[in-house]
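J.: My questions all concern the structure below.
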Amino acid sequence: MMNDLENGKVPTSSSAKIYEQSYTEQDGTKLLMVHDQEGKWLLAVGEGVIFNDLEGTTLTNDKKVCPLSHENRLVLNHYFDYTVPRAFGTKTATMGLGDRLGLASPGHIETVRNRAVKPILAQQSIRELTLLNRTMKDMLDAASFAVFQEGYKDGFGADGDHIKEEKDIEYALSLGVSMLTLDCSDHIPKQIESLSPQELVEQFNQLDEETKAYFKNEYVNKTFSVNGLSIQFDETNVMKNVLQYAKSLNFMAHVFDTYISESPRPIDFEISIDETETITSPQAHFFVANELQRRGVSVTSLAPRFCGEFQKGIDYIGDIDQFEHELREHALIAEFFGYKLSIHSGSDKFKVFPIIAKYTKGVLHIKTAGTNWLEAVRVIANTNPSLYRRMHTYALQHFEEALAYYHVTPDLDSVIPLDQVEDEKLADYMNDDAARQLFHVTYGILLTAKDENGEFLFKDEFFATLNQQEDVYREALVKHIGKHVDLLGL
Ligand SMILES: [Zn+2]
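Quick note: my numbering has the sequence shown finishing at residue 1064, numbered continuously throughout.
Rendered as structure tokens:
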């Protein structure tokens, strides 16, 4: 293999998979990614700075086998710009493609190639990383190596997703993320909606005089015209919006001033106010956007909490007409302020994708994550039924634990018992909402579960199966995520 590579030829092999599109020659070094029994490697032949900088096992003076290590990822980043995450700004549609396993990006790249959307290949929240014992470095390494493997040069992003703490913002930015999703839910009080009129006035009156005067002057009995939409405030809803969002607005402005506007490289800055119990009305959305603009905070995208339910991994639940009515207004507001509307928990919302497509007109951010893991589970069901059965049983036994982290409401009694399903039909579980949600929320439990000897119950076999079946997983993603992209008109 190495000799072919030395002669500038992409080799063939019966014992290893060759990623032809990874072949690269630069500054005297030829590089190729391959996959053998033990995993993936970067073969390097030649001389010069790239060859010298890569760590690995030297075979002869000019031939090296290099692991896909964090250090080698940094070397690729240094010499090949296209392996570095980048920001995309407010005019380009982007799709968050959370890859909990570090295996999905090749399929994602194939899905979005030549489409009107850029992939945010790396996207994991601190919650997800913690549940999986994964690190932000692992996430970024996997994305960069996938881009190199696929020879994908059209640009990708990396999102420090749903970050709440300043130390995590600093850390994510220091590692090179190109997008930051600021989760403001800790600064948005619950139960403002349920205050009595008297309690509302009492709480509002506790604010300082300057703040009260400002908001009263600026909003009470005012009407704002937004791209043909008329947004009105009376005293009650001004007080509500102030109590609901004033604290979080200070936090957003602080983060923007401290980290985003000071960043030496462009960062896609997303504001998330979706992780709350309170639905973001178009009026509340306008209020937040208008206040951000006044404070000089420029955002790339903003995620409201839409009406109805965007539960993980299943289709939209709620009144479609009301959703369309409000989505149209949210989209007009986002357009007016010059940022992208962001749709969280966007996996599998097929019923509302055409509506989203119609009003966002190809300029949006949408996040998907769990569905990519569910497609991996589907591959397991199809190719390793015994493993699937063990995982399914374990997930049922440990479902309650997962509810500490996720809001889902599957009717588990409706899931057909495992012993009534033949191997060939196991993958059909991934077409059943309740079974999907069962797996959707138990990923961390399943992939970290250990037996009494400290061995992983499922993780090693799970990854070994997926590594063997990487083409099947790729095709599954191209089909499933491709359906998302098609319906979104991207
Ligand atoms: Zn969210």
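Note that CB positions come from ideal geometry on N, CA and C, so glycine has one too.
Does the pairing of the stretch 1004-1011 with the stretch 1034-1042 give three or more beta-carbon distances under 8 Å?
T.: These segments do not touch.
J.: Got a sec? Which residues, its chain only, sit under 7 Å from SER589 by beta carbon, not counting five neighbours each side?
T.: If we look at SER589 and ignore the five residues flanking it on each side, its Cβ neighbours are ASP610.
J.: Do ALA526 and ARG952 have their C-beta atoms closer together than 8 Å?
T.: Residue 526 lies beyond the range of the chain shown here (575 to 1064); nothing can be said about it.
J.: Roughly how many angstroms lie between the CA atoms of ASN956 and HIS859, to the nearest whole one?
T.: C-alpha separation (whole angstroms): 44 Å.
J.: Where VAL971 and GLN818 are concerned, what is the direct C-alpha to C-alpha distance, given to the nearest angstrom?
T.: With the sequence shown as reference, residue 971 is identified as Gln, and Val is not the correct amino acid for it. Taking the straight line from one Cα to the other gives about 39 Å.
J.: Tell me whether GLY670 is buried or exposed, calling it buried when 16 or more other Cβ atoms sit within 10 Å of its Cβ.
T.: Answer is buried; the Cβ neighbour count reaches 16.
J.: Measure the alpha-carbon distance for ASN626 versus GLU849 and round it to whole angstroms.
T.: Approximately 47 Å between the Cα atoms of the pair.
J.: Which ranges does the alpha helix (DSSP H) cover as unbroken runs of at least 4 residues, wholly within the stretch 1009-1048, from first to last along the chain?
T.: Correct list: 1033-1042.
J.: With 16 as the cutoff for other CB atoms within 10 Å, does PRO878 come out buried or exposed?
T.: When all chains shown are included, PRO878 counts as buried.
J.: Ignore the nearest five residues each way along the sequence and tell me which others in ALA943's own chain have a CB closer than 6 Å to its CB.
T.: So the list reads GLY672, once near-sequence residues are dropped.
J.: Could you tell me whether the stretch 833-851 touches the stretch 910-927, using the rule of 3 or more Cβ pairs below 8 Å?
T.: Enough Cβ pairs lie closer than 8 Å, so yes.
J.: Express the C-alpha separation of ASP893 and ALA716 in angstroms, rounding to a whole number.
T.: Their backbone Cα atoms lie some 39 Å apart in a straight line.
J.: Quick one: does the C-beta of ASP742 sit closer than 7 Å to a heavy atom of ligand 1?
T.: Result no, Cβ not under 7 Å from ligand 1.
J.: Are the CB atoms of ALA720 and GLY734 nearer to each other than 8 Å?
T.: Not closer than 8 Å, so no.
J.: As a quick exercise: from VAL812, GLY887, ARG868, PHE830, pick the residue whose alpha carbon is nearest that of SER857.
T.: Reading off the sequence shown, one finds Gln at residue 857, where the question assumed Ser. If we check each option's Cα against that of GLN857, VAL812 comes out closest.
J.: Does ASP922 come out as helix, strand or coil in the three-state DSSP assignment?
T.: Looking at ASP922 - three-state DSSP - the assignment turns out to be coil, as it is neither helix nor strand.
J.: By DSSP's criteria, ASP610 is part of a beta bridge. Which residues make up the other side?
T.: In DSSP, ASP610 forms a bridge with GLY613.
J.: Measure the alpha-carbon distance for HIS966 versus LEU706 and round it to whole angstroms.
T.: Those two C-alpha atoms are separated by around 18 Å.
J.: Under 8 Å: do the stretch 684-696 and the stretch 868-882 share three or more Cβ pairs, one atom per stretch?
T.: Counting Cβ pairs under 8 Å, fewer than three are found: no touch.
J.: I'd like to know if the stretch 989-996 and the stretch 1027-1039 are in contact, where contact means that at least 3 CB-CB pairs between them fall below 8 Å.
T.: Counting Cβ pairs under 8 Å, fewer than three are found: no touch.
J.: In whole angstroms, what separates the C-alpha of ILE762 from that of ARG660?
T.: C-alpha separation (whole angstroms): 30 Å.
J.: Examine the Cβ distances between the stretch 648-666 and the stretch 916-930 and report whether three or more of them are shorter than 8 Å.
T.: Taking 8 Å as the limit for Cβ pairs, the verdict is that the stretch 916-930 does not touch the stretch 648-666.
J.: Figure out for me which residue from SER596, GLY882, PHE830, ALA908 has the closest Cα to the Cα of GLU898.
T.: The shortest Cα separation from GLU898 among SER596, GLY882, PHE830, ALA908 belongs to GLY882.
J.: Quick check on the DSSP output: the beta strand (DSSP E) that includes HIS736 runs from which residue to which?
T.: Segment 731-737, the beta strand (DSSP E) holding HIS736.
J.: Assign SER804 to buried or exposed, taking buried as 16 or more other Cβ atoms, counted over all protein chains shown, within 10 Å of its Cβ.
T.: Its Cβ having fewer than 16 others within 10 Å, SER804 is exposed.
J.: Leaving out five residues on either side along the sequence, give the residues of the same chain with a beta carbon under 7 Å from the beta carbon of PHE789.
T.: So the list reads VAL812, VAL816, once near-sequence residues are dropped.
J.: With 16 as the cutoff for other CB atoms within 10 Å, does ALA976 come out buried or exposed?
T.: So ALA976 counts as buried.
J.: Among residues of its own chain, excluding the 5 on either side of PRO984, which ones have a beta-carbon nearer than 7 Å to its beta-carbon?
T.: Cβ within range, chain order: ASP1007, ALA1008, GLN1011, LEU1012.
J.: Tell me which residues share the same chain as GLY622 and place their Cβ nearer than 6 Å to its Cβ, disregarding the 5 neighbours each side in the sequence.
T.: Correct list, in chain order: ASP601, GLY602, THR603.
J.: Please confirm whether LYS821 and ILE766 have their CB atoms less than 8 Å apart.
T.: It is not a contact, given that the beta carbons lie outside the stated cut-off.
J.: Evaluate HIS981 with the Cβ neighbour count: other Cβ atoms within 10 Å of its Cβ, from every protein chain shown; 16 or more gives buried, anything less gives exposed.
T.: Looking at its Cβ environment, which holds fewer than 16 other Cβ atoms inside 10 Å, HIS981 is exposed.
J.: Taking all protein chains shown into account, do 16 or more other C-beta atoms lie within 10 angstroms of the C-beta of ARG1048, making it buried, or fewer, making it exposed?
T.: The residue in question, ARG1048, is buried, as its Cβ has 16 or more Cβ neighbours within 10 Å.
J.: Which residues mark the beginning and the end of the alpha helix (DSSP H) in which VAL639 is found?
T.: From DSSP, VAL639 is part of no alpha helix (DSSP H) but of the beta strand (DSSP E) over 637-641.
J.: Where GLY936 and LEU675 are concerned, what is the direct C-alpha to C-alpha distance, given to the nearest angstrom?
T.: Cα-Cα distance, rounded: 29 Å.
J.: Is any heavy atom of ligand 1 found at a distance shorter than 7 Å from the C-beta of HIS918?
T.: Yes, Cβ of HIS918 sits closer than 7 Å to a heavy atom of ligand 1.
J.: Is TYR823 near SER718, with beta carbons less than 8 Å apart?
T.: One detail in the question is off: residue 823 reads as Leu in this sequence, not Tyr. Not a contact, by the Cβ cut-off of 8 Å.
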